[in-house]
Amino acid sequence: MVIGPPPSGDDEEDEPAKGLLRWLIACDESGIHGARYYGFGTLWMPWQRRGDFARLITELRDEHGYHDEIKWNRIRSRWGPFYDDLIEAFFRTRWLSFHCCVIEKAVVRKELHQGDYDLARRKHFAMLLRNKVGRCIRAHPNRQQTFRVLVDPMASRYAKADEAAHVICNNALAKVFGGSRPLDKVVTRNSRETPAIQLCDLLLGAVLAAWEREATSEAKLDALAWMSHHLGWPDLRADTRPDERKFNVWVFYDPVRGTRKVITRPTRLVYALG
Numbered sequence: 004m005v006i007g008p009p010p011s012g013d014d015e016e017d018e019p020a021k022g023l024l025r026w027l028i029a030c031d032e033s034g035i036h037g038a039r040y041y042g043f044g045t046l047w048m049p050w051q052r053r054g055d056f057a058r059l060i061t062e063l064r065d066e067h068g069y070h071d072e073i074k075w076n077r078i079r080s081r082w083g084p085f086y087d088d089l090i091e092a093f094f095r096t097r098w099l100s101f102h103c104c105v106i107e108k109a110v111v112r113k114e115l116h117q118g119d120y121d122l123a124r125r126k127h128f129a130m131l132l133r134n135k136v137g138r139c140i141r142a143h144p145n146r147q148q149t150f151r152v153l154v155d156p157m158a159s160r161y162a163k164a165d166e167a168a169h170v171i172c173n174n175a176l177a178k179v180f181g182g183s184r185p186l187d188k189v190v191t192r193n194s195r196e197t198p199a200i201q202l203c204d205l206l207l208g209a210v211l212a213a214w215e216r217e218a219t220s221e222a223k224l225d226a227l228a229w230m231s232h233h234l235g236w237p238d239l240r241a242d243t244r245p246d247e248r249k250f251n252v253w254v255f256y257d258p259v260r261g262t263r264k265v266i267t268r269p270t271r272l273v274y275a276l277g
């Protein structure tokens with residue numbers, strides 16, 4: 004495998020060197036305010052597709068007259084057609100993928116995290132990035148690869164939580180990949196100005212809502228059903244096989260605290276990846 008060096012300079016929109024495969028990963032978190040579950044989501048696309056993604060979102064907004072922030076918690080009956088078309092567009096667009104991790108707070112052993120849920124959450128975010136970046140590197144062993152991460156400001160008392168995740172993830176990857184640190188930059192972005200983070204919020208919010216069983220409005224229940232339909236699932240209360248590429252749900256569990264009770268389902272995508 005070949006992992007490219009980080010770019011020079013501080014311009015977050017710098018173009019990668021010729022032949023370098025760069026991935027854009029937009030991240031979000033959910034379930035941090037007293038919920039039973041919390042989680043982290045990552046929306047992936049090839050770096051050169053970010054202009055196509057911006058056009059896709061703009062066209063859908065213009066078609067439906069929707070110009071508010073895209074969020075799971077903003078789904079209303081009036082805007083149901085917009086969110087349905089957005090979900091459909093995600094599943095139809097082969098170069099977009101979503102991977103997330105769901106953690107039940109009760110299974111987190113605080114003693115492994117200095118008695119601190121805040122630290123545990125930062126570690127779990129880094130764990131998700133480390134796992135998925137590592138799998139991507141192994142999937143393209145003959146390509147030079149780097150990863151540019153966009154993250155909404157993390158809800159943490161630690162002011163540099165995004166930087167901490169960057170360091171933790173890169174250090175762990177370096178142990179596996181011969182000292183290389185493939186995350187070239189982690190950039191904190193306001194979600195209101197970043198459609199990729201907004202779409203990540205929508206998909207992650209749906210998964211967490213299914214696990215919390217909190218969705219009660221008709222519009223949200225319809226969105227959950229529509230998303231499940233595209234996976235070939237009856238609902239979203241399951242996780243996927245580790246190698247699922249399009250829509251990957253990883254439900255974390257602690258084997259020390261008992262057997263794994265989560266259902267793992269194969270996906271039967273309406274729009275097969277081929």
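The sequence shown begins at 4 in this note's numbering and counts up by one. Using N, Cα and C, we set each Cβ at its ideal position, and we do this for glycine too.
| Query | Result |
| --- | --- |
| Is the stretch 74-87 touching the stretch 39-58, taking contact as three or more C-beta pairs under 8 Å? | no |
| Output yes or no for whether 8 Å exceeds the beta carbon distance between K223 and I78. | yes |
| Spell out the partners DSSP gives H102 in its beta bridges. | T45 and N251 |
| Does W98 pass the burial test, meaning 16 or more other C-beta atoms within 10 Å, or should it be called exposed? | exposed |
| With a threshold of 6 Å on Cβ separation, who are the neighbours of H127 within its own chain once the five nearest residues in sequence on each side are excluded? | I106 |
| How far does the alpha helix (DSSP H) with S231 in it reach, from first residue to last? | E221 to L234 |
| Less than 8 Å separating the beta-carbons of A241 and L227? | no |
| Taking the C-alpha atoms as reference points, what is the distance between R64 and D71? | 9 Å |
| Can you grab the Cα-Cα spacing for the pair H116 / M130, in whole Å? | Annotation note: pLDDT 46 at H116 (below 50); position unreliable, coordinate value reported separately. Rounded to the nearest angstrom, the two C-alpha atoms are 13 Å apart. |
| Return the chain-ordered list of same chain residues with a C-beta closer than 7 Å to the C-beta of A209, the five sequence neighbours on each side being excluded. | W75, A226, L227, M230 and L239 |
| Which residues bound the beta strand (DSSP E) around V189? | L186 to T191 |
| Do three or more CB pairs link the stretch 242-252 to the stretch 186-203 at distances below 8 Å? | no |
| Going by alpha carbons, who is nearest to P19 out of W214, E62 and T149? | T149 |
| Less than 8 Å between C-beta atoms, sequence neighbours within five positions excluded: which residues of the same chain meet that for P49? | L24, R25, W26, L27 and W98 |
| So the candidates are T267, V252 and I266; which of them puts its Cα closest to the Cα of H102? | V252 |
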